[in-house]
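All remarks here apply to the structure that follows.
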Amino acid sequence: MQWKGRRASANVEDRRGMGGKTVIGGGIGSIVIVLLVVLLGGNPGDLLNGITGSDTGTPYEETAQDKELAQFVSVVLADTEDVWTDIFRKEGLTYEKPVLVLYSGSVDSACGSASSAVGPFYCPGDHKLYIDLSFYDELQNRFHAAGDFAMAYVIAHEVGHHVQTLLGSGEDSRPGRNATKAQTNAFSVRYELQADYFAGVWAKQEQGKQLLDKGDVDEALTAASAVGDDAIQKAAQGYVVPESFTHGTSEQRKRWFTKGLATGTVEGGDTFHAGNL
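Just add 53 to wherever you are in the sequence shown, counting from 1, and you've got my numbering.
Have a look at this one:
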């Protein structure tokens, strides 16, 4: 991706080294549950009460790689601001820019507290994206998704959740408080796949501006595939449990990112009423 020397977003909050409450035994499942509680209108604080401990922060020294990554994600965020501001304006809407929070180890948000083990996430309660830059190494080493555009895809996906919040995506499909776990998971999958679609819409605009390098789209697709529920479960336990999926399969995630990349429009991403995901 052609990013060096370009505008960086001012909407970046650096909390590295500050620490926060840590989720005890939480992992990715906990943050997904917390986010769903927020989406369903509940209070995440009630859920997290009693499962967090305090973390006063650990000394943090920025490495050369961290410095470059911080600059990179700031440029990616700026690009998402430009793209979505333009798309919203054409629809007669105003795009409210989210804030990207950089943290190390653990962080507090309006959706509760999280450790870096949960990976990057978006909190609709405060309109902020959260990322520990060490996730870049995890993308390469754990998920085998190397390249700067793999990281850009991750940022664009989380921004996609912000777009969903502003547009009220899935309001007519949102399960109620008495929904079964299966119903909640099914909604979550459709919600996540739409964020993948929106990441593709953003990538389409970047492509049109000739900002992508050869192989960038493949890097994004590799990342999307690597974080599919089936791929993660198979790597962790050797088998998959489809009814427990919350983000979609590798093929579904690649498919919806590719659809967004092909159309470049918001209208083509209605995952909530799609018969075939």
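Every residue gets a Cβ at the ideal spot worked out from N, C-alpha and C, and that includes glycine. This one's a predicted model, so the numbers in the text were calculated from it and none came from an experiment.
Nearest to residue i (by Cα), restricted to the options the options
| i | options | result |
| --- | --- | --- |
| Ser-162 | Ala-256, Gly-268, His-180 | His-180 |
| Cys-164 | Ile-184, Phe-174, Ile-140 | Phe-174 |
| Leu-186 | Thr-316, Val-65, Phe-310 | Val-65 |
| Ile-208 | Ser-297, Gly-291, Ala-276, Thr-147 | Ala-276 |
| Phe-169 | Val-293, Ile-184, Arg-60, Val-129 | Note that residue 169 is Ser in the sequence shown here, rather than Phe. The shortest Cα separation from Ser-169 among Val-293, Ile-184, Arg-60, Val-129 belongs to Ile-184. |
| Gly-281 | Ser-297, Asp-266, Gly-268 | Ser-297 |
| Tyr-244 | Pro-177, Gly-261, Gln-55 | Pro-177 |
| Ala-289 | Phe-196, Ala-235, Ala-239 | Phe-196 |
| Thr-299 | Glu-320, Gln-260, Val-254, Val-242 | Val-242 |
| Ala-315 | Ala-117, Asn-329, Glu-259 | Glu-259 |
| Gly-221 | Gly-58, Glu-114, Val-319, Leu-192 | Val-319 |
| His-214 | Lys-267, Pro-151, Leu-265 | Pro-151 |
| Lys-120 | Leu-155, Val-254, Arg-308 | Leu-155 |
| Asp-190 | Gln-118, Asp-283, Val-129, Trp-56 | Gln-118 |
Simplified DSSP state of residue i, which is helix, strand or coil
| i | result |
| --- | --- |
| Ala-170 | helix |
| Gly-321 | helix |
| Asp-185 | coil |
| Leu-153 | strand |
| Ser-62 | coil |
| Gly-165 | strand |
| Asp-283 | helix |
| Tyr-175 | strand |
| Val-76 | Note on Val-76: pLDDT 47, under 50, position unreliable in the model; no value is reported. |
| Asp-67 | strand |
| Phe-240 | helix |
| Gln-55 | coil |
| His-326 | helix |
| Ile-104 | Note on Ile-104: pLDDT 39, under 50, position unreliable in the model; no value is reported. |
| Glu-114 | coil |
Supposed contact pair residue j and residue i - C-beta distance, whole angstroms, cut 8 Å
| i | j | result |
| --- | --- | --- |
| Ser-62 | Ala-123 | 11 Å between Cβ atoms; not a contact. |
| Ser-157 | Ser-166 | The Cβ separation is near 14 Å, so there is no contact. |
| Ala-273 | Ala-256 | 6 Å |
| Met-54 | Phe-202 | 5 Å |
| Leu-182 | Val-212 | 7 Å |
| Tyr-250 | Gly-200 | Contact flag wrong, Cβ pair sits at about 21 Å. |
Host alpha helix (DSSP H) of residue i (start-end)
| i | result |
| --- | --- |
| Asp-132 | 117–143 |
| Ala-314 | The amino acid at residue 314 is misidentified as Ala; the sequence shows Leu. Residues 303–316. |
C-beta neighbour in chain B for residue i, strict 8 Å
| i | result |
| --- | --- |
| Ala-167 | Looking for chain B here will not work: only one protein chain is present. |
Limits of the beta strand (DSSP E) - the one that residue i falls within
| i | result |
| --- | --- |
| Gly-159 | The identity of residue 159 in the sequence shown is Ser, whereas the question assumes Gly. 159–162 is the span of the beta strand (DSSP E), which, as asked, contains Ser-159. |
What residue ranges within the stretch 246–279 form continuous beta strand (DSSP E) runs of no fewer than 3 residues, ordered along the chain? none
Quick one: which unbroken alpha helix (DSSP H) runs of 4-plus residues sit fully inside the stretch 186–237? Chain order, please. 188–194, 201–220
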